[in-house]
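**Q**
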Amino acid sequence: KQEVTQIPAALSVPEGENLVLNCSFTDSAIYNLQWFRQDPGKGLTSLLLIQSSQREQTSGRLNASLDKSSGRSTLYIAASQPGDSATYLCAGPNQAGTALIFGKGTTLSVSS
Amino acid sequence: KAGVTQTPRYLIKTRGQQVTLSCSPISGHRSVSWYQQTPGQGLQFLFEYFSETQRNKGNFPGRFSGRQFSNSRSEMNVSTLELGDSALYLCASTGEQYSYEQYFGPGTRLTVT
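Those sequence lines, one after another, are chains A and B. All the letters of the first sequence, read from the start, carry residue numbers 487 to 598 under the working numbering. All the letters of the second sequence, read from the start, carry residue numbers 92 to 204 under the working numbering.
(1) Give the secondary structure of P568/A by DSSP, where H, G and I count as helix, E and B as strand, and everything else as coil.
(2) So, is S163/B buried or exposed, given that buried needs 16 or more other C-beta atoms within 10 angstroms?
(3) Measuring CB to CB, does G196/B end up less than 8 Å from L179/B?
(4) According to DSSP, which residues form a beta bridge with R558/A?
(5) Does N168/B get closer than 8 Å to chain A when you measure Cβ to Cβ?
(6) Beta carbons nearer than 8 Å to chain B: which residues of the region 517 to 535 of chain A have them?
(7) Compute every distance between the C-beta of Q135/B and the non-hydrogen atoms of the ligand MG, then say whether any falls below 7 Å.
(8) Have a look at S532/A and F141/B and give me their C-alpha separation to the nearest angstrom.
(9) On the DSSP letters alone, give me the boundaries of the beta strand (DSSP E) that R200/B sits inside.
(10) Taking only the alpha-carbon atoms, compute the straight-line gap between L530/A and F136/B and give it to the nearest angstrom.
(11) Within its chain, find whatever has a CB closer than 6 Å to the CB of S115/B; leave out the 5 residues flanking it on each side and keep chain order.
(12) Please list the terminal residues of the continuous beta strand (DSSP E) segment that includes A59/B.
(13) For A515/A, tell me which candidate among P579/A, K590/A, S595/A and I587/A has the shortest Cα-Cα distance.
(14) For a quick check, are the C-beta atoms of Y574/A and L594/A less than 8 Å apart?
(15) Between D570/A and V596/A, what straight-line distance do the alpha-carbon atoms span, to the nearest angstrom?
(16) DSSP three-state call for G107/B: helix, strand or coil?
(17) Looking at the C-beta of Y194/B, does it have a partner C-beta in chain A at a distance below 8 Å?
(18) Could you give the distance in angstroms between the alpha-carbon of G546/A and the alpha-carbon of S539/A?
(19) In this structure, what does DSSP give as the bridge partners for G133/B?
(20) From K487/A to Q581/A, what distance separates their C-alpha atoms?
(21) State the CB to CB distance for the pair T171/B and R158/B, rounded to an integer number of angstroms; the pair is presumed to be in contact (CB under 8 Å).
(22) Output yes or no for whether 8 Å exceeds the beta carbon distance between I493/A and N518/A.
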């Protein structure tokens with residue numbers, strides 16, 4: 487059974503810091519992993535999708551990596567800004583590939 | 092290209108009532124999935140529809156049901172509402188393959204009193 491865990495649950499940093507959010511999963515046969523951002527009371531915005539054949543994906547100041555052998559993915563945010571404050575969720579498919587399994591998220595607060 | 096839309100955005104219902112939520116996927120997307128988000132349980136999968144057929148179902152009681160129309164729009168229905176059904180209901184659409192990127196709508200906030 488696929489389980490997804492995110493550490494830490496919350497993170498507070500000053501503006502300008504580089505930071506790493508962690509996501510671990512139990513089923514190494516995962517075929518992709520997706521990172522989302524959620525603002526309070528809002529829906530999910532897709533940030534990055536990494537296919538199993540890829541090691542990294544980059545979009546602007548965001549870089550996500552996927553290491554299937556260790557069951558880990560990381561989201562790197564460079565030069566953080568107050569506008570980056572949100573909850574970040576990672577999700578991977580369940581073993582049957584029929585649904586996304588989400589972590590509980592990391593709530594990021596960037597102070598100016 | 093318009094994103095995923097959900098209506099209504101907010102709903103207040105009383106226990107015992109039923110409710111219908113609507114989701115319009117991105118044009119060309121044939122798969123629509125529904126998720127429930129609560130502070131305690133996080134995001135949990137409800138069901139997925141593809142070409143008007145329910146392909147997958149999560150672990151929710153039969154009070155939760157859905158359907159998909161020929162234009163790929165989907166509705167979910169919750170009957171005999173309970174206080175614990177208060178949640179943000181999100182739908183997501185994707186192309187034919189589940190390995191494609193999932194795009195989520197803004198959600199419907201349901202409050203049951």
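All C-beta atoms in this analysis are idealised placements derived from N, C-alpha and C, irrespective of residue type, glycine included.
**A** A quick look at the data gives this:
(1) helix
(2) buried
(3) no
(4) S510/A and D553/A
(5) no
(6) Y517, N518, Q520, F522, G527, K528, G529, L530, T531, S532 and L535
(7) As presented, the structure is devoid of all ligands, the ligand MG included, so that no description of it is given.
(8) 21 Å
(9) T199 to V203 is the extent of the beta strand (DSSP E) around R200/B.
(10) 14 Å
(11) Apart from the 5 residues on each side of it in sequence, S115/B sits with its Cβ closer than 6 Å to the Cβ of T96 and R164 in its chain, given in chain order.
(12) There is no way to answer for residue 59/B, as the model of chain B reaches only from 92 to 204.
(13) When C-alpha distances from A515/A are compared across P579/A, K590/A, S595/A and I587/A, the shortest belongs to P579/A.
(14) yes
(15) 7 Å
(16) It is coil, neither helix nor strand.
(17) It does; some Cβ of chain A falls within 8 Å.
(18) 21 Å
(19) T129/B
(20) 6 Å
(21) Not confirmed; about 18 Å, so no contact.
(22) In terms of Cβ geometry, I493/A and N518/A do not form a close pair [threshold 8 Å].
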